[in-house]
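**Student:** Let me begin by handing over the structure; questions about it come next.
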Amino acid sequence: MGFKDMARSREVKVGTCVMEFVSPGIGKILKAAGCDFVFFDMEHAGFTFETVNNVLRYMEAAQLPVVIRPASKTYHDVAMACDLGAEALLLPHVRNAQEASQILDWMKYPPEGHRGVALQIAHDDYRPGPARQKLADANRRTTLFATIENRDGLDDVEAIAAIDGVDGLWLGHNDLSSSLGIPGEFAHPTFLEAADRIRRACLANGKSYGRVPSSVDEAVELFESGADMIVCSGDIWLLLEALQGMVDAIRASCTGEAGGGRPTPAAFSR
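Sequential numbering of the sequence shown, starting at 0, is according to numbering that gives the first Met the number 0.
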């Protein structure tokens, strides 16, 4: 199932974030763990497009859909990610409907947009074929998620969600709470009201809704309220917390200190 089909389904899709560890086996490892998709972050991780080119091939080998978050909303970053074979992009800090429409224009080939045309490269599997068909196929596959993570985006969220071609919205919880003046206060009424507004905009327009929960219970609550794209934690924190839990448990058990026993589960997100 490609990302476009996933975005159209309201069934729960569970993935994780990759922002540190990239190896030829990473896609198959995450696939074996049961992930439905991977969220690959360029904004905060410092990955180059050469790395993106590699990781997309790793994910293709694992038959695991991947959504790329480019580092910026420039034409170069949007078009380059698409040319390397990214069918789904998650753009950070989308502030209004006009900006979302501009990004779509850069992602789509004529006549739907103005993406520069290069054929028989990564995005079309290096295969020959009729140009008109290739452009039409690419336009059907390319998938856009807009991240709502500041006051401006929240104020225009209904218009963003209504755009034909915006496949879903993502709530950027850390940035949105900071923009609202309540950094990290995810139980604050102002944050909860903002989150509900984004959720309702998705539901009203039949768009996918992405969230990063902090626990299994929260993930279930979010799904039951309308979120269908769930990102549970990421490579850094899963490794750190799972390893730390085991190290602490072994050390405590061997030294007779309190707190020994089985390692605690890694937290879902940061």
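All residues carry an ideal CB built from backbone N, CA and C; glycine is no exception. Bear in mind the structure is a predicted one, so any value in this text is a computation, not a measurement.
1. At which residues does the alpha helix (DSSP H) containing D154 begin and terminate?
2. With distances taken from CA atoms, which of G233, R210 and D234 is nearest E223?
3. Any idea if G167 is buried or exposed, counting beta-carbon neighbours within 10 angstroms, 16 or more meaning buried?
4. Would you kindly work out how many angstroms separate the C-alpha atoms of E19 and R139, rounded to a whole number?
5. Looking at the unbroken beta strand (DSSP E) that takes in Y74, where does it start and where does it end?
6. Check whether the stretch 221 to 241 touches the stretch 190 to 206, taking contact to mean three or more Cβ pairs, one atom from each stretch, closer than 8 Å.
7. Could you spell out the range, first to last residue, of the beta strand (DSSP E) harbouring G26?
8. To the nearest angstrom, how far is the alpha carbon of M106 from that of I249?
9. To which residues of the same chain is M79 closer than 7 Å at the C-beta, ignoring the five residues directly before and after it?
10. Using 7 Å as the threshold, is the C-beta distance between T50 and C34 below it?
11. Taking only three categories from DSSP, how would you classify Y57?
12. Return yes when the Cβ of P64 is within less than 7 Å of the Cβ of F36, no when it is not.
13. Mind reading off the beta-carbon distance from V66 to L83? Whole number of angstroms is fine, and I expect it under 8 Å.
14. Measuring alpha carbon to alpha carbon, tell me which of Q243, G244 and A186 ends up nearest E217.
15. Residues bridged to L90 by DSSP?
16. Around the Cβ of E42, are there at least 16 other Cβ atoms within 10 angstroms (buried) or fewer (exposed)?
17. For K133 versus L118, is the C-beta spacing smaller than 7 Å?
18. Helix, strand or coil: how does DSSP classify G112 here?
**Tutor:** Once the coordinates are examined:
1. Within the sequence shown, residue 154 is the residue found at index 155, counting from 1. Note, D154: alpha helix (DSSP H), R150 to D154.
2. Looking up residue 223 in the sequence shown gives position 224. Here the closest residue by C-alpha is R210.
3. As a first step, residue 167 is located in the sequence shown; it is residue number 168 there, counting from the start. Result: buried.
4. The count along the sequence shown starts at 1 and reaches residue 19 at position 20. The count along the sequence shown starts at 1 and reaches residue 139 at position 140. Looking at the two C-alpha atoms, the distance is approximately 31 Å.
5. For the purposes of this step, residue 74 is identified with residue 75 of the sequence shown, where counting begins at 1. Here Y74 belongs to no beta strand (DSSP E); instead the alpha helix (DSSP H) covers Y74 to D82.
6. Of all C-beta pairs linking the stretch 221 to 241 to the stretch 190 to 206, three or more are shorter than 8 Å, placing the two stretches in contact.
7. On the sequence shown, position 27 is the one that residue 26 refers to. First-last for G26: I25 to A31, but that is the alpha helix (DSSP H), not the beta strand (DSSP E).
8. Taking the sequence shown and counting its residues from 1, the one referred to as residue 106 is at position 107. Taking the sequence shown and counting its residues from 1, the one referred to as residue 249 is at position 250. So the two alpha carbons sit approximately 51 Å from each other.
9. Translated into positions along the sequence shown, residue 79 becomes position 80. Closer than 7 Å at Cβ, skipping near neighbours: F48.
10. As a first step, residue 50 must be located in the sequence shown, where it is residue number 51. As a first step, residue 34 must be located in the sequence shown, where it is residue number 35. No, the pair does not count as a contact, with Cβ atoms beyond the cut-off.
11. As a working mapping, residue 57 is identified with position 58 in the sequence shown. Of the three classes helix, strand and coil, the one that applies to Y57 here is helix, per DSSP.
12. Position 37 of the sequence shown holds residue 36. Position 65 of the sequence shown holds residue 64. Yes, they are a contact pair.
13. Taking the sequence shown and counting its residues from 1, the one referred to as residue 66 is at position 67. Taking the sequence shown and counting its residues from 1, the one referred to as residue 83 is at position 84. Incorrect: roughly 13 Å between the Cβ atoms, too far for contact.
14. For the purposes of this step, residue 217 is taken as residue 218 along the sequence shown, with counting starting at 1. It is A186.
15. Start at 1 with the first residue of the sequence shown, and residue 90 comes out as number 91. Answer by DSSP bridge pairing, in chain order: A145.
16. By 1-based counting over the sequence shown, the position of residue 42 is 43. By the 10 Å Cβ count, E42 comes out buried.
17. Taking the sequence shown and counting its residues from 1, one reaches residue 133 at position 134. Taking the sequence shown and counting its residues from 1, one reaches residue 118 at position 119. Cβ distance < 7 Å, so K133 and L118 count as in contact.
18. Numbered from 1 along the sequence shown, position 113 holds the residue referred to as residue 112. DSSP places G112 in coil when its eight states are reduced to three.
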